[in-house]
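In my numbering, the protein residues as written are 9 to 423.
From the three backbone atoms N, C-alpha and C, an ideal C-beta is built for every residue, glycine too.
First the structure, in the form of structure tokens, and then the observations on it.
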Ligand SMILES: Cc1ncc(COP(=O)(O)O)c(C=O)c1O
């Protein structure tokens, strides 16, 4: 079995060779946006060089654009486990796509209907539903968070579901504290009462395999710039819902959901990012996919390998953080519970504001974010709305050495 080794993968990411003060920069900012492999850059540039045109024309560049979009739709279907490429819709970003969908679903809501959102989620999976509910006179109920480990309080879910909500909006994983939510279980319970289930998979997508069929949800949204691609939003929905919901579209447009001209160069790059993830499966899949394996199998193998490697990074990081005096981890802090989280760890260090700590780490070549990351409700509940936290966000191109380095820097700053 090939041991996961980020070294050859890192060599594919030009940005990772960046140095500062004679040392490699440690990019721990992945949850805000990941770096991209060279093939993504080449695909974007190549699109402009060779295929730049609008769609559905009668000349070669336009036909090539149509092909690239079709190939990318197929690749996204493989990444998410969709039944058909037509279930994939491109857009500007997850937030815009979710507002678009919420406006359509909002048209089907009546005054007094209920929708459920969670207090763990990014505002992009709260604001659109709050707005749609306000427009329709519907009622919003909030699923609370157990603050000890930042997990969703599923005991409360059933009492919210007893009220017969029309929709449950839940995140696959928290972009602030890394919790992976039991989405399949939430969907099972929500469907029992006939609610639609919308999943924000933006944070989860770079960390593990997604199977919309196995999750048995209705919609999933994600963003390619979080999984090693360009700034492109992606919405998956069940065909029957995409075909039947009222859609806001202009008259001649063939597609009911893709409004206006898409970011073709970004979609070309997204296709390349998915091919990259499939290549991770070829290299490090366990078992390795056969040379003739379908892309879906190669992707699942790749994302499983990424998941296992990242869990080892989480374990190492959490164990080290526990030894640093004055440091608080928000969320699942027990290294043995690494499988329940992504390697996205929120911390505060006594004596440092999150902003000052992020500046100091940045000065030392460790790039990470401070703030609330739009997980505003969670920060309020945790009592850290004043400046939020520092987020140490690892992905599969990060290394054990980088973990040790950030631990050493934090220990020094704590001292
Ligand atoms: C969990 C989560 N949901 C939604 C978003 C918003 O995504 P986008 O920038 O594509 O609108 C983000 C971005 O940080 C996120 O982390």
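Starting from residue i and walking both ways along the beta strand (DSSP E), at which residues does that stretch end?
i	result
residue 150	147-151
residue 204	204-208
residue 356	352-357
residue 8	Given a span of 9 to 423 for the chain in the structure shown, any question on residue 8 remains unanswerable.
residue 112	Run containing residue 112: none in the beta strand (DSSP E); it sits in the alpha helix (DSSP H), 102-115.
residue 122	122-126
residue 137	Run containing residue 137: none in the beta strand (DSSP E); it sits in the alpha helix (DSSP H), 135-144.
residue 177	175-179
residue 99	96-99
residue 398	397-401
residue 338	335-338
Going by DSSP, what residue range makes up the alpha helix (DSSP H) through residue i?
i	result
residue 416	408-422
residue 379	Here residue 379 belongs to no alpha helix (DSSP H); instead the beta strand (DSSP E) covers 377-379.
residue 277	272-292
residue 194	191-200
residue 243	No alpha helix (DSSP H) holds residue 243; the beta strand (DSSP E) holding it covers 241-245.
residue 131	Run containing residue 131: none; DSSP gives neither H nor E here.
residue 48	46-54
residue 77	68-88
residue 384	384-390
residue 186	Premise fails: residue 186 is in no alpha helix (DSSP H) and is neither H nor E.
residue 15	14-18
residue 309	303-329
residue 223	220-223
residue 168	162-169
residue 33	Neither: residue 33 is in no alpha helix (DSSP H) and is coded neither H nor E.
residue 41	Per DSSP, residue 41 belongs to no alpha helix (DSSP H) and is neither H nor E.
residue 368	362-371
With a threshold of 16 other CB atoms inside 10 Å of the CB of residue i, please say whether the residue is buried or exposed.
i	result
residue 227	buried
residue 277	buried
residue 406	buried
residue 261	exposed
residue 256	exposed
residue 56	exposed
residue 298	exposed
residue 75	exposed
residue 81	buried
residue 193	exposed
residue 441	The displayed coordinates of the chain run from 9 to 423. Any statement about residue 441 would go beyond what the structure contains.
residue 129	buried
residue 15	exposed
residue 134	buried
residue 53	exposed
residue 26	exposed
residue 22	exposed
residue 333	exposed
residue 189	buried
How long is the line joining the alpha carbons of residue i and residue j, rounded to whole angstroms?
i	j	result
residue 311	residue 288	8 Å
residue 447	residue 209	As shown, the chain starts at 9 and ends at 423. That puts residue 447 outside it, with no answer to give.
residue 291	residue 93	26 Å
residue 422	residue 324	19 Å
residue 395	residue 354	12 Å
residue 368	residue 401	16 Å
residue 391	residue 321	28 Å
residue 83	residue 244	12 Å
residue 263	residue 337	45 Å
residue 191	residue 204	13 Å
residue 24	residue 105	31 Å
residue 65	residue 71	6 Å
residue 169	residue 347	27 Å
residue 86	residue 253	24 Å
residue 200	residue 224	12 Å
residue 120	residue 138	13 Å
residue 246	residue 109	13 Å
residue 415	residue 329	7 Å
residue 371	residue 283	34 Å
residue 294	residue 187	25 Å
residue 183	residue 258	34 Å
residue 418	residue 377	15 Å
residue 68	residue 95	26 Å
residue 393	residue 300	51 Å
residue 309	residue 38	21 Å
residue 115	residue 144	7 Å
residue 373	residue 146	48 Å
residue 35	residue 352	12 Å
residue 32	residue 271	32 Å
Going by the C-beta, is residue i closer than 6 Å to any heavy atom of ligand 3?
i	result
residue 241	Summarising the ligand content, the structure contains ligand 1 and does not contain ligand 3.
Indicate whether the contact test is met: 3 or more Cβ pairs, each with one atom in the segment 32-44 and one in the segment 224-237, closer than 8 Å. Yes, the segment 32-44 is in contact with the segment 224-237.
Counting Cβ pairs closer than 8 Å, one from the segment 318-337 and one from the segment 396-414, do we hit at least three? Taking a cut-off of 8 Å for Cβ pairs, the segment 318-337 and the segment 396-414 touch, as three or more such pairs fall below it.
Cβ contact (3+ pairs, closer than 8 Å) linking the segment 122-129 and the segment 178-185: yes
Do the segment 240-255 and the segment 85-103 make contact, defined as three or more Cβ pairs closer than 8 Å? Inter-segment contact for the segment 240-255 and the segment 85-103 is present: three or more beta-carbon pairs are separated by less than 8 Å.
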